[in-house]
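For reference, the structure discussed in these notes is given below.
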Amino acid sequence: MVIHGCLHLLGYDHIEDDEAEEMEGLETEILQKLGYEDPYLD
Numbered sequence: 003m004v005i006h007g008c009l010h011l012l013g014y015d016h017i018e019d020d021e022a023e024e025m026e027g028l029e030t031e032i033l034q035k036l037g038y039e040d041p042y043l044d
């Protein structure tokens, strides 16, 4: 949630599909660099 919130503060959003894809990609990349799994995997 912290990474997600920080991305919003940096101007990212997920209202449109293309925005969501970009934001989720960044969120996943940052979390993986910190040693966490992809939160969007089902």
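Numbering (the numbering used here), first residue to last: 3 to 44.
Where is the CB? At the ideal position from N, CA and C, for every residue including glycine.
- Boundaries cannot be given for L12, as no alpha helix (DSSP H) includes it and DSSP labels it neither H nor E.
- Out of G37, E18, I32, the CA that lies nearest to the CA of G7 is found in I32.
- Within the model, the alpha-carbon separation for D15 versus T30 is close to 15 Å.
- Shown here, L28 sits in a helix according to DSSP, grouped into three states.
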